[in-house]
Amino acid sequence: MSEGIGGSLIALGLVFAPLSLLSFGGGNAVIADIAQQSIAVYHWTSEREFADLFALSRAAPGPGSMLATLIGWKVAGTPGALIATLAYYLPSALLVFGAARVWGRWRGSQWHAAIERGLAPIAAGLFVSGGIVVLRASPAGWPVWAAAIVTTAALLRWPRLHPVPLLLAGAALFGLLALSP
Amino acid sequence: MDGAQPARAPIGLPRIFAAFLRLGCTSFGGGTAGWLYRDMVLKRGWLDEPTFLSDLALGQAIPGSIGVNLTVQIGQRLCGPAGAVVAIVGLLAGPFAIMLAIGAAYAGFGEHRILQQMLDGVAAAVIGLTFATGLHSLTHSRPSLAGVTLAAATVVCVGVLRWPMLPVVAVLAPLGIALALIQPRPR
Chain A
583 MSEGIGGSLI ALGLVFAPLS LLSFGGGNAV IADIAQQSIA VYHWTSEREF
633 ADLFALSRAA PGPGSMLATL IGWKVAGTPG ALIATLAYYL PSALLVFGAA
683 RVWGRWRGSQ WHAAIERGLA PIAAGLFVSG GIVVLRASPA GWPVWAAAIV
733 TTAALLRWPR LHPVPLLLAG AALFGLLALS P
Chain B
77 MDGAQPARAP IGLPRIFAAF LRLGCTSFGG GTAGWLYRDM VLKRGWLDEP
127 TFLSDLALGQ AIPGSIGVNL TVQIGQRLCG PAGAVVAIVG LLAGPFAIML
177 AIGAAYAGFG EHRILQQMLD GVAAAVIGLT FATGLHSLTH SRPSLAGVTL
227 AAATVVCVGV LRWPMLPVVA VLAPLGIALA LIQPRPR
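Residue numbers (the working numbering), protein chains in the order written: chain A, 583 to 763; chain B, 77 to 263.
This is the structure in structure tokens:
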């Protein structure tokens with residue numbers, strides 16, 4: 583049993599540490615890979631469970647997505663949550679820490695601007711991809727697609743909408759629909 | 077960069093921890109950068125706006141959530157490496173505990189159909205948020221045709237074909253940077 587837990591902890595570390603360094607623009611960029619690893623590769627969650635954990639992780643306070651924490655908890659309890667959290671946040675945090683020291687020297691240089699501009703469309707593409715992958719993993723089918731598209735349109739039209747009421751509205755709407763026979 | 081900020085008495089680690097603990101527990105719905113600005117710059121005056129903006133720029137250029145990236149920098153400014161560690165632990169401690177509580181509750185009640193439906197509703201809204209953020213940043217930056225193509229290629233490879241993102245990014249990122257280097261910035 584302890585060997586199984588150890589193997590799980592290592593797997594959690596191996597999955598989330600690289601993703602830490604790939605999360606350009608935040609956790610949304612790596613959602614697609616997290617889904618793929620959790621569902622298809624390691625079978626840590628079913629599609630249904632992943633969709634649930636995804637929603638739960640975003641409904642709670644905190645930076646980016648603590649989805650790694652939640653998945654780590656599901657895989658191996660509190661140690662799993664700890665390892666997944668450390669693996670997911672430490673690498674990029676160390677990178678920021680180191681980069682902040684050299685930041686002053688090359689800020690505004692041609693390289694910095696090029697890196698920002700060059701990566702921006704890819705980061706945007708990763709965000710959209712993440713949304714698509716979670717939609718495809720969601721067993722609920724077309725209603726989720728429809729609600730997601732409506733939410734997207736609303737936010738593009740009114741970018742200053744606060745996200746929390748939208749999450750609550752989504753929960754209320756779907757909950758009410760579930761109540762109807 | 078240290079010279080840009082007026083010298084101040086170092087802020088104690090417990091105060092830093094408490095401030096970020098509170099921030100972590102109250103920053104609902106993302107937008108941690110906004111919360112940090114309001115608290116650190118406007119309310120506490122622990123750093124000035126130009127410094128914050130500089131930290132924000134670096135935080136966005138480096139992978140990782142902007143909230144965490146900002147926290148590392150601010151903590152480091154306030155009290156060196158120890159400040160950075162304490163700030164990060166403070167920021168994540170509350171959400172970490174909340175995640176564990178949610179996980180335990182889900183394990184107990186997760187099978188309930190209505191709850192799952194509600195979570196579907198939340199997920200739909202979150203996905204909409206994610207789409208909107210990606211699309212908004214794409215249109216906001218006025219990308220070239222090459223930029224849009226790169227974005228579309230990313231979506232096809234990672235979202236549709238479900239290729240792992242590491243090789244996709246490893247190929248597309250240098251392309252994007254190279255293109256950005258040779259194209260003049262539209263002013």
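By construction, the Cβ of each residue, glycine as well, lies at the ideal position given by its N, Cα and C atoms. If you're wondering where the values come from, they're calculated on a predicted model, not measured in any experiment.
- Taken in chain order, the members of the segment 648-677 of chain A whose beta-carbon sits within less than 7 Å of a beta-carbon on chain B are Met648, Thr651, Leu652, Trp655, Lys656, Thr660, Ala663, Thr667, Tyr671, Ser674, Ala675 and Leu677.
- Nearest to Gln692 (chain A) by alpha-carbon distance, out of B:Ala254, B:Val165, B:Ile150 and B:Leu129, is B:Ala254.
- At a cut-off of 8 Å, the C-beta of Gly184 (chain B) has no neighbouring C-beta in chain A.
- The criterion of a C-beta distance shorter than 8 Å is satisfied by Leu594 (chain A) and Ala666 (chain A).
- Leu638 (chain A) belongs to the set of residues whose beta carbon lies under 8 Å from a beta carbon in chain B.
- In this structure, Ala163 (chain B) sits away from Phe207 (chain B), with a CB-CB distance that is not shorter than 8 Å.
- From the listed residues A:Leu748, A:Gly713 and A:Tyr624, the smallest Cα separation to Val234 (chain B) is found for A:Gly713.
- Taking a Cβ-Cβ cut-off of 7 Å, Phe598 (chain A) has no neighbours in chain B, whose nearest Cβ is about 12 Å from it.
- Taking one beta carbon from each stretch, the segment 709-723 of chain A and the segment 195-202 of chain B have 3 or more pairs nearer than 8 Å; the two touch.
- Within 9 Å of the CB of Thr102 (chain B), the CB atoms of chain A belong to Pro643, in sequence order along the chain.
- In the three-state scheme derived from DSSP, where H, G and I count as helix and E and B as strand, Thr734 (chain A) is classed as helix.
- If you draw a straight line from the Cα of Gly156 (chain B) to the Cα of Gly166 (chain B), it comes to about 15 Å.
- Membership of Leu168 (chain B) in the alpha helix (DSSP H) is indicated by the continuous run Ile142 to Phe185.
- Annotated as distal: Leu668 (chain A) and Leu652 (chain A), with beta-carbon spacing of 8 Å or more.
- For Leu205 (chain B), the uninterrupted alpha helix (DSSP H) run begins and ends at Arg189 to His216, by DSSP.
- By the neighbour-count criterion, in which a residue is buried when 16 or more other Cβ atoms sit within 10 angstroms of its Cβ, Ile142 (chain B) is buried.
- Residues are counted here when their Cβ sits less than 7 Å from a Cβ of chain A; for the segment 192-212 of chain B these are Gln192, Gln193, Met194, Leu195, Asp196, Gly197, Val198, Ala199, Ala200, Ala201, Val202, Ile203, Gly204, Leu205, Thr206, Phe207, Ala208, Thr209, Gly210, Leu211 and His212, given in chain order.
- With three or more CB-CB distances shorter than 8 Å, the segment 622-638 of chain A counts as touching the segment 654-665 of chain A.
- Taking all protein chains in view, the Cβ of Asp634 (chain A) is crowded by 16 or more other Cβ atoms within 10 Å, so the residue is classified as buried.
- Here the alpha carbon of Ala702 (chain A) sits roughly 18 Å from the alpha carbon of Asp131 (chain B).
- Taking 8 Å as the threshold, the shortest C-beta distance from Arg699 (chain A) to chain B falls below it.
- Listed along chain B, the residues sitting closer than 9 Å to Thr734 (chain A) by beta-carbon distance are Ile203, Gly204, Leu205, Thr206, Phe207, Ala208 and Leu211.
- Excluding the 5 residues flanking it on each side, Gln149 (chain B) has same chain C-beta neighbours closer than 6 Å at Asp131, in chain order.
- In this structure, DSSP gives Phe632 (chain A) a helical state, which the three-state scheme calls helix.
- The C-beta separation of Asp615 (chain A) from Pro240 (chain B) comes to about 6 Å, placing the pair in contact by the 8 Å criterion.
- The continuous alpha helix (DSSP H) containing Leu255 (chain B) extends over residues Met241 to Ile258.
- Per DSSP, reduced to three states, the secondary structure at Asp124 (chain B) is coil, with no helix or strand assignment.
- At a cut-off of 8 Å, the C-beta of Val247 (chain B) has no neighbouring C-beta in chain A.
- Ile616 (chain A) is outside the set of residues whose beta carbon lies under 8 Å from a beta carbon in chain B.
- Taking all protein chains in view, the Cβ of Thr108 (chain B) is crowded by 16 or more other Cβ atoms within 10 Å, so the residue is classified as buried.
- In this structure Ile203 (chain B) does not touch Leu154 (chain B) by the C-beta definition: roughly 36 Å separates them, more than the 8 Å allowed.
- The DSSP-derived three-state label of Leu638 (chain A) is helix.
- Chain B places no beta carbon closer than 8 Å to that of Ile587 (chain A), leaving this residue out of the contacts.
- DSSP, reduced to helix, strand and coil, places Met116 (chain B) within a helical segment of the structure shown.
- For Val715 (chain A), the enclosing alpha helix (DSSP H) begins and ends at Gln692 to Ala719.
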